[in-house]
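What follows is one structure encoded as structure tokens, with my remarks underneath.
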Amino acid sequence: MSPRRSAADTRETRQRILGHSLAIASQEGLEGLTIGRLATELGMSKAGLLGHFGTKETLQLAVVDAAAEVFLREVPRRVKQLPSGLRRLKDVCEAWVSYLERNVLPGGCFFTAATAEFDGRSGPVRDALAGMNALWRRDLRIHIRRAVSDGDLPPDTDVEQMIYELLGIMLALNHFLQLEKDAAAPARARRALERLFRR
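Per full-length UniProt numbering: the sequence shown = residues 1 to 199.
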């Protein structure tokens, strides 16, 4: 086997492990990832699987990165052609609702589940999750502030309060979709967003 084919096989195997791990973690949490389980379900040896990641924590961190890539693809990158401001903020929020509504990951929002799992802990995984959340809040803050400067939102808009309410709507949406299996939840989320932007 050529070195190029070997490297391609290695990347393919790593992506297969990450894809399966992300599906499990979105439903059962990051602690649901065990080397033994993954090796069995993927038809690999434990040593072969460990060769790609080394430790369970390294695998968990790679899954956080993979989840972030899925979110970026499904939400902000869908509207990246628009300039920052209220229009882009609204379209980002619509993409966010659609992402949850379409059940892109089998367990709903990975970050909602993983944050609840790790928010009271310390360590690299908790820090990675907190960092991803901070980056997303920063992006929302940029759009809201631009909307204020453009005159599309009132000058006295409380930016941090709006971010809080946006996140609250999405957390509620994920809850009602995943726990309650409420098909009306996306429509409720869209109405809540309309009221928030209108206010």
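Quick reminder that beta carbons are idealized off the backbone N, C-alpha and C, glycines included.
For clarity, every value in this text was computed on a predicted model and none was experimentally measured.
Applying the criterion that 16 or more other CB atoms from any shown protein chain within 10 Å of the CB defines a buried residue, is residue i buried or exposed?
i	result
N174	buried
L18	buried
T10	exposed
S21	buried
L177	buried
L135	exposed
A184	exposed
What separation, rounded to the nearest whole angstrom, lies between the Cα atoms of residue i and residue j?
i	j	result
Y99	E74	6 Å
A128	F71	15 Å
A189	T157	21 Å
D182	E57	34 Å
G108	L167	15 Å
Q60	L30	6 Å
E165	E94	15 Å
S122	A62	17 Å
R145	R16	40 Å
Among the residues of its own chain, which have a CB less than 7 Å from the CB of residue i, if the five just before and after it don't count?
i	result
D91	V79, L82
A67	L22, F110, F111
D139	P76
V148	P155, T157
R141	V159, I163
Return the chain-ordered list of same chain residues with a C-beta closer than 8 Å to the C-beta of residue i, the five sequence neighbours on each side being excluded.
i	result
R126	F118, D119
T34	K56
How would you write the range of the alpha helix (DSSP H) that residue i sits in, first residue to last?
i	result
L171	159-178
R146	124-149
D65	56-74
D91	86-101
T40	35-42
R190	185-198
L105	Unbroken run through L105: none, as it is neither H nor E.
K80	First-last for K80: undefined, no H or E at that position.
*asked:* Within 8 Å, do at least three Cβ pairs link the region 137-155 to the region 83-91?
replied: yes
_Does the contact criterion of 3 or more C-beta pairs under 8 Å hold for the region 34-52 versus the region 100-117?_
no
*Inspect the CB distances between the region 12-26 and the region 110-123 and report whether three or more fall short of 8 Å.*
yes
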